[in-house]
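*Asks:*
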Amino acid sequence: MRFFVTAYHHNLLKDYERLSGFYDAIREHAHGIVYDIGAGSGILSYFAAPYSKTVFAIEKDEKIASYASKNLAGIPNVKVVNEDALSYDFPHQADTIICEMLDTALIDEEQVPIVNKCLKHLKEDGRIIPYGVINGAEAIEMDSETIRYDENYKYKTKGGLTIYDSIKFNKRIDEKFKKTFEIPANGRTNGLKITTFTLLAENIIAGPTQMMNPPLLIPIEEIKEENYMIKVTLSYRMGGGLNTIKAKIKDIEDRKT
Ligand SMILES: C[S@@+](CC[C@H](N)C(=O)[O-])C[C@H]1O[C@@H](n2cnc3c(N)ncnc32)[C@H](O)[C@@H]1O
Numbered sequence: 363m364r365f366f367v368t369a370y371h372h373n374l375l376k377d378y379e380r381l382s383g384f385y386d387a388i389r390e391h392a393h394g395i396v397y398d399i400g401a402g403s404g405i406l407s408y409f410a411a412p413y414s415k416t417v418f419a420i421e422k423d424e425k426i427a428s429y430a431s432k433n434l435a436g437i438p439n440v441k442v443v444n445e446d447a448l449s450y451d452f453p454h455q456a457d458t459i460i461c462e463m464l465d466t467a468l469i470d471e472e473q474v475p476i477v478n479k480c481l482k483h484l485k486e487d488g489r490i491i492p493y494g495v496i497n498g499a500e501a502i503e504m505d506s507e508t509i510r511y512d513e514n515y516k517y518k519t520k521g522g523l524t525i526y527d528s529i530k531f532n533k534r535i536d537e538k539f540k541k542t543f544e545i546p547a548n549g550r551t552n553g554l555k556i557t558t559f560t561l562l563a564e565n566i567i568a569g570p571t572q573m574m575n576p577p578l579l580i581p582i583e584e585i586k587e588e589n590y591m592i593k594v595t596l597s598y599r600m601g602g603g604l605n606t607i608k609a610k611i612k613d614i615e616d617r618k619t
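Note that my numbering has the sequence shown beginning at 363, numbered continuously upward.
#1: Looking at C-alpha atoms only, which residue of Leu375, Ala563 and Asp470 is the closest neighbour of Glu537?
#2: Around the Cβ of Pro570, are there at least 16 other Cβ atoms within 10 angstroms (buried) or fewer (exposed)?
#3: Relative to the C-alpha of Gln455, which candidate in Ile437, Ala563 and Glu486 has its C-alpha closest?
#4: At which residue ranges does the segment 530 to 601 contain complete beta strand (DSSP E) runs of 3 or more residues, listed in the order of the chain?
#5: So what does Asp527 bridge to, in DSSP terms?
#6: Between Ile491, Ile496 and Thr524, which has its C-alpha nearest Ile502's C-alpha?
#7: Can you tell me whether DSSP reads Tyr429 as helix, strand or coil?
#8: In this structure, what does DSSP give as the bridge partners for Leu604?
#9: Hey, Met600 and Phe539: beta-carbon distance below 8 Å or not?
#10: Using DSSP's beta-bridge definition, name the partner residues of Lys610.
#11: Indicate whether the contact test is met: 3 or more Cβ pairs, each with one atom in the segment 443 to 455 and one in the segment 544 to 552, closer than 8 Å.
#12: In this structure, does DSSP put Thr368 in helix, strand or coil?
#13: Select from Ile405, His391 and Tyr511 the residue whose C-alpha is nearest the C-alpha of His372.
#14: I want to check one thing, is the minimum distance from the CB of Gly421 to the heavy atoms of ligand 1 below 7 Å?
#15: Alpha carbon to alpha carbon, how far is Ile535 from Leu468?
#16: Ordered along the chain, which non-local residues of its own chain (more than five positions away) have a Cβ less than 6 Å from that of Phe452?
#17: Considering only the alpha carbon of each residue, which of Gln473, Lys415, Gly436 and Ala369 lies closest to Gly400?
#18: Quick check: the Cα distance between Phe409 and Asp616, rounded to an integer number of angstroms?
#19: Need the endpoints of the alpha helix (DSSP H) that Gly383 sits in, please.
#20: Can you check which of these residues, Glu507, Glu379 and Pro475, is closest to Gly603 by C-alpha distance?
#21: Please state the DSSP three-state secondary structure of Phe409.
#22: Short of 7 Å in beta carbon distance, which residues of its chain neighbour Ala427, apart from the five on each side in sequence? Order them along the chain.
#23: Counting beta carbon pairs with one atom in the segment 428 to 436 and one in the segment 485 to 500, are three or more of them shorter than 8 Å?
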């Protein structure tokens, strides 16, 4: 089957790990009334159609919604709706909600505000795909003084990964995140690398991949010590954008003693 897509949605379709993970979760769990929020090219609605009664593919961008309409034209139980999910009047309670507006730590895309809104339209025993995310942080040495994604950018890891947060989409999420946690480091450190792993379902983990949550590099104050723990306070607003990120060192502790 040939899909009409924009260059961006073409790259999404080429990301095999992302797509196969969604396919497995949809095949296992999608049923009944399905909303595919941020449907893009319509690929996830296409996956869901054989397992569902009706799929509503909601896409706010007019051009890509028109592509989705063409791509899904031959499938009678899929209806493409060109609307913003935040103002969309959901006609039915959903059995399954698919929402792929993921990005690293859910900061720069609307996944969390949209899932929070959609929960009101999900049946009690309904399911959101993906199921949740797990976020980890590592100490790094980086050259940039600004926040950036790690694609094509060089940095050095200076300690192991610490999981600092785990989010499930099946209940309301506080969009404001703030936590103090410790990460190990050794040698010159001036940054945090944030890595997000996506749980498409409880037993299907995917990413990070280039098109789904590429790691995020955040500058912090420079430390030059041997073998230490950094206590850092990290805060951001999920859905608020990268400029809501604040990372501040609270304490440094020697690990040798
Ligand atoms: C990461 S893409 C995913 C596309 C597709 N579901 C896939 O997996 O290939 C997210 C899509 O959500 C759409 N989108 C973003 N905000 C939206 C909103 N508030 N309501 C509906 N669609 C939205 C974007 O235009 C984009 O096509």
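Ideal placement from N, C-alpha and C gives every residue a C-beta, glycine not left out.
*Replies:* On the basis of the supplied data:
#1: For the purposes of this step, residue 537 is taken as the residue at position 175 of the sequence shown. If we check each option's Cα against that of Glu537, Asp470 comes out closest.
#2: Residue numbering aside, residue 570 sits at position 208 when the sequence shown is read from its first letter. Buried is the call here.
#3: As a first step, residue 455 is located in the sequence shown; it is residue number 93 there, counting from the start. Checking every option, the nearest Cα to that of Gln455 belongs to Glu486.
#4: List check, beta strand (DSSP E) in window: 538 to 563, 566 to 568 and 578 to 599.
#5: For this step, residue 527 is matched to residue 165 along the sequence shown. Paired residues: Asn497.
#6: Residue 502 sits at position 140 when you count from the first residue of the sequence shown. Of the candidates Ile491, Ile496 and Thr524, the one whose C-alpha sits nearest the C-alpha of Ile502 is Thr524.
#7: Position 67 of the sequence shown, counted from the first residue, corresponds to residue 429. Three-state DSSP puts Tyr429 in a helix.
#8: As a working mapping, residue 604 is identified with position 242 in the sequence shown. DSSP output for Leu604 lists no bridge partner at all.
#9: Position 238 of the sequence shown holds residue 600. Position 177 of the sequence shown holds residue 539. Yes, the Cβ-Cβ distance between Met600 and Phe539 is below 8 Å.
#10: In the sequence shown, residue 610 corresponds to position 248, counting from 1. Lys610 pairs with Thr595.
#11: no
#12: Sequence index remark: in the sequence shown, residue 368 carries index 6 (1-based). Reduced to three states, the DSSP call for Thr368 is coil.
#13: Your numbering for residue 372 matches position 10 in the sequence shown. Out of Ile405, His391 and Tyr511, Ile405 has the C-alpha closest to the C-alpha of His372.
#14: Sequence index remark: in the sequence shown, residue 421 carries index 59 (1-based). One detail in the question is off: residue 421 reads as Glu in this sequence, not Gly. Flag set: Cβ of Glu421 near ligand 1.
#15: Within the sequence shown, numbered from 1, the residue matching residue 535 stands at position 173. Within the sequence shown, numbered from 1, the residue matching residue 468 stands at position 106. Spanning the two alpha carbons is a distance of roughly 11 Å.
#16: Here residue 452 is taken as the residue at index 90 of the sequence shown, counted from 1. Excluding sequence neighbours, Phe452 sits near His483.
#17: Counting from 1 along the sequence shown, the entry for residue 400 is found at position 38. It is Gln473 whose Cα lies nearest to the Cα of Gly400.
#18: For the purposes of this step, residue 409 is taken as the residue at position 47 of the sequence shown. For the purposes of this step, residue 616 is taken as the residue at position 254 of the sequence shown. Answer to the nearest angstrom: the Cα atoms are 52 Å apart.
#19: Residue 383 sits at position 21 when you count from the first residue of the sequence shown. Boundaries of the alpha helix (DSSP H) around Gly383: Tyr378 to His391.
#20: Numbered from its first residue, the sequence shown carries residue 603 at position 241. When each option's Cα is compared against that of Gly603, the closest is Pro475.
#21: Locating residue 409 in the sequence shown gives position 47, where the first residue counts as 1. Phe409 falls in the helix class under three-state DSSP.
#22: Looking up residue 427 in the sequence shown gives position 65. Listed in chain order, the non-local C-beta contacts of Ala427 below 7 Å within the same chain comprise Glu421, Val442 and Asn444, local neighbours out to five positions each way being set aside.
#23: no
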